[in-house]
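Asks: Structure incoming, see below.
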Amino acid sequence: MTFKLNDLPYGYQALEPYIDAKTMEIHYTKHHKGYCDKLNDAVSGTPYDNMKIEDILAKGEKELPAAIRNNGGGFHNHNLFWQMMSPKSGGEPKGDVANAIHKKFGDFAKFKTEFSEAAKTRFGSGWSRLVVNKGELEVMSTPNQDSPLMYAKTPLLGLDVWEHAYYLNYQNRRPDYVEAFWKIVKWDFVNELYKKAQA
Ligand code: MN3
């Protein structure tokens, strides 16, 4: 099986001014494509060759060869990341995931603070996350291109805090990038992931 790079669900400029067109173009055509290509090389001729990406990642970070851990994680993380954002979105979640956030964190503002803090304090490269862990919502961060699936957790929302995701526009101002992210979160998609995780 060959993993394919999905089309971006919008144009490179669609998320401006929060994410600039040049960053989107490089991020998708170089970084995401790179993970996809290297994943295909890494699984070729191995027992992972005919597996779904989710099943590969679920083997866990200790089990996976480094090239599959890094590029498989990077491939799947970005598949989701593009869908977690859209123009004219942001604001507060609705539906089941909103209820779950209120129940777990008290209110949306408290969740947002905790998630943003995880993004700002992730040292080096990685992601901040909202995940389902044994049926409960949890905020965490993951190093490098690790997926929550490697830790038996289901990803709902992720923010890429690798410098390649923001440096052209924000340079060292990661907190400004984190703040901008809230303007483009596509909560409908997050809610779909949440409902699938409950099924
Ligand atoms: Mn990235």
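Counting from 1, position 136 in the sequence shown corresponds to residue 321 in the numbering used here; the numbering is continuous, with no gaps.
Just so you know, even glycine gets a beta-carbon here, dropped at the ideal spot from N, CA and C.
For clarity, every value in this text was computed on a predicted model and none was experimentally measured.
List, from N- to C-terminal side, the alpha helix (DSSP H) runs of 4 residues or more that fit wholly inside the segment 237–285.
Replies: You should have 238–242, 251–268.
Asks: Within the present structure, is the beta-carbon of residue 350 separated from the nearest heavy atom of ligand 1 by less than 8 angstroms?
Replies: Within the sequence shown, numbered from 1, the residue matching residue 350 stands at position 165. For ligand 1, at least one heavy atom lies less than 8 angstroms from the Cβ of residue 350.
Asks: Tell me which residue opens and which closes the beta strand (DSSP E) that residue 313 is part of.
Replies: Numbered from its first residue, the sequence shown carries residue 313 at position 128. Note, residue 313: beta strand (DSSP E), 311–318.
Asks: Cα separation between residue 227 and residue 207?
Replies: If you number the sequence shown from 1, residue 227 lands on position 42. If you number the sequence shown from 1, residue 207 lands on position 22. When rounded, the distance between both Cα atoms is 29 angstroms.
Asks: Bridge partners of residue 325, per DSSP?
Replies: On the sequence shown, residue 325 is found 140 positions in, with the first residue counted as 1. Looking at the DSSP assignment, residue 325 forms a beta bridge with 314.
Asks: Applying the 10 Å Cβ sphere with the 16-neighbour rule, what's the burial state of residue 294?
Replies: As a first step, residue 294 is located in the sequence shown; it is residue number 109 there, counting from the start. Exposed, because fewer than 16 other Cβ atoms sit within 10 Å of the Cβ of residue 294.
Asks: Is residue 334 helix, strand or coil when you go by DSSP?
Replies: Here residue 334 refers to the residue found at position 149 of the sequence shown. Of the three classes helix, strand and coil, the one that applies to residue 334 here is helix, per DSSP.
Asks: Regarding residue 345 and ligand 1, is the C-beta to nearest heavy atom distance less than 8 angstroms?
Replies: The sequence position of residue 345 within the sequence shown is 160, counting from 1. Yes, Cβ of residue 345 sits closer than 8 angstroms to a heavy atom of ligand 1.
Asks: Indicate whether the contact test is met: 3 or more Cβ pairs, each with one atom in the segment 350–360 and one in the segment 326–333, closer than 8 angstroms.
Replies: Output reads no: the segment 326–333 does not touch the segment 350–360.
Asks: When you compare the segment 267–274 with the segment 365–378, are there three or more beta-carbon pairs, one atom per stretch, that lie closer than 8 angstroms?
Replies: Contact between the segment 267–274 and the segment 365–378 is present, because at least three Cβ pairs lie under 8 angstroms.
Asks: Can you tell me whether DSSP reads residue 219 as helix, strand or coil?
Replies: To locate residue 219, count along the sequence shown from 1; it is residue 34. Helix.
Asks: Output the boundary residues of the beta strand (DSSP E) element that contains residue 339.
Replies: Taking the sequence shown and counting its residues from 1, the one referred to as residue 339 is at position 154. 339–345 is the span of the beta strand (DSSP E), which, as asked, contains residue 339.
Asks: If we count the other Cβ atoms within 10 Å of its Cβ and call it buried at 16 or more, is residue 229 buried or exposed?
Replies: As a working note, residue 229 is residue 44 in the sequence shown. Counting Cβ neighbours within 10 Å, residue 229 comes out exposed, since fewer than 16 surround it.
Asks: Using 10 angstroms around the beta-carbon of residue 278, count the other beta-carbons present and answer buried if the total reaches 16, otherwise exposed.
Replies: Your numbering for residue 278 matches position 93 in the sequence shown. Residue 278 should be labelled buried.
Asks: Alpha carbon to alpha carbon, what distance is there between residue 281 and residue 225?
Replies: Within the sequence shown, numbered from 1, the residue matching residue 225 stands at position 40. Within the sequence shown, numbered from 1, the residue matching residue 281 stands at position 96. Their Cα atoms are separated by approximately 36 angstroms.
Asks: What are the residues that DSSP puts in a beta bridge with residue 370?
Replies: In the sequence shown, the residue the question calls residue 370 occupies position 185. Bridge partners of residue 370: 270.
Asks: Checking 9 angstroms against the spacing of the C-beta atoms, do residue 324 and residue 296 come in under that value?
Replies: The residue labelled residue 324 in the question sits at position 139 within the sequence shown. The residue labelled residue 296 in the question sits at position 111 within the sequence shown. Contact: yes.
Asks: Could you give the distance in angstroms between the alpha-carbon of residue 195 and the alpha-carbon of residue 291?
Replies: Within the sequence shown, the letter at position 10 stands for residue 195. Within the sequence shown, the letter at position 106 stands for residue 291. The alpha-carbon atoms of residue 195 and residue 291 are separated by roughly 34 angstroms.
Asks: Does residue 303 pass the burial test, meaning 16 or more other C-beta atoms within 10 Å, or should it be called exposed?
Replies: Here residue 303 refers to the residue found at position 118 when the sequence shown is read from its first residue. Residue 303 is buried by the Cβ-count criterion.
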